[in-house]
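Only one structure is covered here, and it is reproduced in the block below.
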Amino acid sequence: FARRAHSAGINIVGGCCGTTPEHIRAMAEAVGGRRPRKRKIVPGIKVAEKPQPVRRYPRAKTSLEKKISAGFVLTMELDPPRGIDASKLVQAARMFKELGGDAVNVSDLPMARMRMSALGLASVIRLRAGIDIVLHFTARDRNLIAMQSDLLSAYAMGIDNILALRGDPPAVGDYPFATGVFDISTFGLVKLISSFNEGRDLLGNPLDMPTSFFIGVGFNQNSNNFEHELERLEKKIQMGAHFVQTQPMFDPAKIERLASHLRGRNIPIIVSIMPLISARNAEFLHNEVPGISIPTPIREKFERITSREKALEEGIAIARDMLSAAREIAQGACIMPQLGRYSVVERIIY
83 FARRAHSAGI NIVGGCCGTT PEHIRAMAEA VGGRRPRKRK IVPGIKVAEK PQPVRRYPRA
143 KTSLEKKISA GFVLTMELDP PRGIDASKLV QAARMFKELG GDAVNVSDLP MARMRMSALG
203 LASVIRLRAG IDIVLHFTAR DRNLIAMQSD LLSAYAMGID NILALRGDPP AVGDYPFATG
263 VFDISTFGLV KLISSFNEGR DLLGNPLDMP TSFFIGVGFN QNSNNFEHEL ERLEKKIQMG
323 AHFVQTQPMF DPAKIERLAS HLRGRNIPII VSIMPLISAR NAEFLHNEVP GISIPTPIRE
383 KFERITSREK ALEEGIAIAR DMLSAAREIA QGACIMPQLG RYSVVERIIY
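For the sequence shown, the working numbering gives the first residue as 83, with consecutive numbering after it.
Have a look at this one:
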């Protein structure tokens, strides 16, 4: 072996695992006295690759996008179950469709708590309830390969409205020791989905055909640095975002400020509306849930209410007021019932 290696041009021979000093001694004796072979220099060959030109496809509008262009839209947010039974959520989606709802938002493991996947529930609801889906899609749990795979799978299932989000960190959820992947930021996620709409993956490799995703992004109107949020939104729009969905609204003036910034541009705003259910609920959301801010007068009003029924009525009344305001300043609203109270939706929208 040592002689053959030397004849082939190898100048250093040795042993790996499984060899012993005797093996090394035998190889040394076999090639002892031989001079190192002259090195042959093989000139490198450069391959001039022409970059694949990006094909600009006309993106077809999704059904929800067409409805937004025609008028005000209503969606409802559903959280996946902590198990395999999605029947109540399918029933809620059917009810919402009968009420005239346009789409259902499916959240992606909110507060980083273990549940059925958003894509799994979205496909079940679309199949069994026959209503459009806005799929929340985060950068938290998947690496770049899995993200692209799931997005292609969603599109193949007929799910073409995506709300691109960062996702709550695992540290706030019920598996704080889990790993947050975050291969890319929200900006990168929007860019990735936009690349699919151009018929290529994130590395520029061509797809067999382009997607036509309607890409949404979140906006925190309650941020202490509103201008910074606007700067982030502008960057997401540059990356390819088509619409904006806000945090739950309890102060219309903040949404009016966002609408003023986007006036004259084709970037629809969908306002989130969350009906409150009690004083304790209002305090928890205000103090513990990032992105939600409930004005002091509203929280003080709930403190004066003494019964659950009256508190629920007040929450519905506030939600109705917020929906009325949203119709004046935005292009849609997403109702976010809490704790499975889907029956309140009808009382809010009618």
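Yeah, the Cβ is synthetic: ideal placement off N, Cα and C, and Gly gets one too.
Keep in mind it's a predicted model, so treat the numbers as computed, not measured.
Can you find at least 3 beta carbon pairs, one from the segment 380 to 399 and one from the segment 344 to 354, that sit closer than 8 angstroms?
Counting Cβ pairs under 8 angstroms, fewer than three are found: no touch.
My assumption, with CB atoms under 8 angstroms, is that Ala236 sits in contact with Leu217. Please give the rounded CB distance.
Along the sequence shown, one-based indexing puts residue 236 at 154. Along the sequence shown, one-based indexing puts residue 217 at 135. Right, the Cβ-Cβ distance comes to about 6 angstroms (below 8 angstroms), so this counts as a contact.
Count the other CB atoms within 10 Å of the CB of Lys336; is the residue buried (16 or more) or exposed (fewer)?
As a working mapping, residue 336 is identified with position 254 in the sequence shown. Lys336 is buried by the Cβ-count criterion.
Less than 8 angstroms between the CB atoms is what I'm expecting for Leu156 and Leu171, so what's the real figure, rounded?
The residue given as residue 156 occupies position 74 in the sequence shown. The residue given as residue 171 occupies position 89 in the sequence shown. The Cβ separation is near 17 angstroms, so there is no contact.
In chain order, what residues of the same chain lie with their CB nearer than 7 angstroms to the CB of His343, ignoring the 5 residues before and after it?
For the purposes of this step, residue 343 is taken as residue 261 along the sequence shown, with counting starting at 1. So the list reads Leu312, once near-sequence residues are dropped.
Check whether the segment 321 to 339 touches the segment 271 to 288, counting contact only when three or more Cβ pairs, one atom from each stretch, lie closer than 8 angstroms.
yes
Over the uninterrupted beta strand (DSSP E) stretch that includes His218, give me the two end residues.
Walking along the sequence shown from the start, residue 218 turns up at place 136. Taken as a continuous stretch (DSSP letters only), the beta strand (DSSP E) holding His218 covers 214 to 220.
What is the DSSP secondary structure of Ala364, reduced to helix, strand or coil?
Numbered from 1 along the sequence shown, position 282 holds the residue referred to as residue 364. Correct three-state label for Ala364: helix.
Taking DSSP's pairing of strands, which residues face Cys416 in a bridge?
The residue given as residue 416 occupies position 334 in the sequence shown. Cys416 is bridged to Thr157, Ser354.
Close-in-space but distant-in-sequence residues of the same chain around Ser231 (CB under 7 angstroms, 5 per side omitted)
As a position in the sequence shown, residue 231 is number 149, starting the count at 1. Here the set comprises nothing.
One question on the structure: do Met356 and Met418 come within less than 8 angstroms of each other, judged by their Cβ atoms?
Looking up residue 356 in the sequence shown gives position 274. Looking up residue 418 in the sequence shown gives position 336. Their beta carbons are under 8 angstroms apart, which means Met356 touches Met418 by this criterion.
CA nearest to the CA of Asp290, picked from Cys416, Leu234, Asp184, Met198:
For the purposes of this step, residue 290 is taken as residue 208 along the sequence shown, with counting starting at 1. Among Cys416, Leu234, Asp184, Met198, the Cα nearest to that of Asp290 is on Leu234.
Phe296 - DSSP class collapsed to helix/strand/coil:
For the purposes of this step, residue 296 is taken as residue 214 along the sequence shown, with counting starting at 1. Three-state result, Phe296: strand.
Assuming contact is defined by CB atoms lying nearer than 8 angstroms, are Ala238 and Leu203 in contact in what I supplied?
Translated into positions along the sequence shown, residue 238 becomes position 156. Translated into positions along the sequence shown, residue 203 becomes position 121. Taking 8 angstroms as the Cβ cut-off, Ala238 and Leu203 do not qualify as a contacting pair.
Pairwise C-alpha distance: Arg176 and Val129
Residue 129 sits at position 47 when you count from the first residue of the sequence shown. Residue 176 sits at position 94 when you count from the first residue of the sequence shown. Because the pLDDT at Val129 is just 49, under 50, the model does not fix this residue reliably, and the value given afterwards should be weighed accordingly. Going by the C-alpha atoms only, they are around 58 angstroms apart.
Residue ranges of each alpha helix (DSSP H) within the segment 291 to 337, 4 or longer:
308 to 321
Where do the ends of the beta strand (DSSP E) carrying Ser142 lie?
Here residue 142 refers to the residue found at position 60 of the sequence shown. Residue 142 is actually Ala in this sequence, not Ser. Careful: Ala142 lies outside any beta strand (DSSP E) and carries neither H nor E.
What residue from Pro334, Arg339, Ile398, Pro377 has the CA that sits closest to Leu358's CA?
Within the sequence shown, residue 358 is the residue found at index 276, counting from 1. That would be Ile398, whose Cα lies nearest to the Cα of Leu358.
If you measure between the beta carbons of Ser425 and Ala393, is that distance less than 8 angstroms?
Translated into positions along the sequence shown, residue 425 becomes position 343. Translated into positions along the sequence shown, residue 393 becomes position 311. No, these two residues do not count as a Cβ contact at 8 angstroms.
When DSSP labels each residue in this structure, what does Ala238 get in the three-state scheme?
The residue you call residue 238 lines up with position 156 of the sequence shown. Ala238: helix per DSSP, three-state reduction.
Whole angstroms is fine: what's the gap from Gly91's alpha carbon to Thr102's?
Here residue 91 corresponds to residue number 9 of the sequence shown, with the count starting at 1. Here residue 102 corresponds to residue number 20 of the sequence shown, with the count starting at 1. So the alpha carbons of these two residues sit roughly 24 angstroms apart.
Reduced DSSP secondary structure (H/G/I, E/B, other) of Pro162:
Translated into positions along the sequence shown, residue 162 becomes position 80. Of the three classes helix, strand and coil, the one that applies to Pro162 here is coil, per DSSP.
Reduced DSSP category for Pro288 - H, G, I as helix; E, B as strand; rest coil
On the sequence shown, position 206 is the one that residue 288 refers to. Residue state, collapsed to three classes: strand.
How big is the Cα-Cα spacing for Glu316 and Gly249?
Translated into the one-based positions of the sequence shown, residue 316 becomes position 234. Translated into the one-based positions of the sequence shown, residue 249 becomes position 167. Spanning the two alpha carbons is a distance of roughly 20 angstroms.
Can you find the residues in the same chain that come closer than 6 angstroms, C-beta to C-beta, to Met433, ignoring five residues on each side of it along the sequence?
Nothing in the structure corresponds to residue 433, since the chain is present only between 83 and 432.
Could you give the first and the last residue of the continuous beta strand (DSSP E) run that contains Ile244?
For the purposes of this step, residue 244 is identified with residue 162 of the sequence shown, where counting begins at 1. Ile244 -> beta strand (DSSP E) spans 243 to 247.
Bridge partners - Ala185, DSSP secondary structure assignment:
Here residue 185 is taken as the residue at index 103 of the sequence shown, counted from 1. Thr157, Asp214, per the DSSP bridge assignment.
Pick helix, strand or coil for Arg402, following the three-state DSSP scheme.
Here residue 402 refers to the residue found at position 320 when the sequence shown is read from its first residue. The answer is helix: DSSP assigns Arg402 an H, G or I state.
Can you give me the start and stop residues for the alpha helix (DSSP H) that Asn279 sits inside?
Counted from its first residue, the sequence shown places residue 279 at position 197. Per DSSP, Asn279 belongs to the alpha helix (DSSP H) from 268 to 279.
Nearest CA to the CA of Phe301: which residue from Ile266, Leu340, Ala253?
Locating residue 301 in the sequence shown gives position 219, counting from the first residue. Among Ile266, Leu340, Ala253, the Cα nearest to that of Phe301 is on Leu340.
According to the neighbour-count rule (16 or more other Cβ atoms, all chains shown, within 10 Å of its Cβ), is Ser89 buried or exposed?
Taking the first residue of the sequence shown as 1, we reach residue 89 at position 7. With fewer than 16 other Cβ atoms within 10 Å, it is exposed.
Helix, strand or coil: how does DSSP classify Arg117 here?
Against the sequence shown, residue 117 aligns to sequence position 35. It is coil, neither helix nor strand.
Here's the rule I'm using: 16 or more other beta-carbon atoms within 10 Å means buried, otherwise exposed. How should Ile94 be labelled?
For this step, residue 94 is matched to residue 12 along the sequence shown. Result: exposed.
In chain order, what residues of the same chain lie with their CB nearer than 7 angstroms to the CB of Arg429, ignoring the 5 residues before and after it?
By one-based count along the sequence shown, residue 429 stands at place 347. Closer than 7 angstroms at Cβ, skipping near neighbours: Ile398.
Inter-residue Cα distance where the pair is Asn187 and Leu146:
Working through the sequence shown from its first residue, we reach residue 187 at position 105. Working through the sequence shown from its first residue, we reach residue 146 at position 64. So the alpha carbons of these two residues sit roughly 12 angstroms apart.
Look up Arg282 in the DSSP assignment and say whether it is helix, strand or coil.
For the purposes of this step, residue 282 is taken as residue 200 along the sequence shown, with counting starting at 1. The answer is strand: DSSP assigns Arg282 an E or B state.
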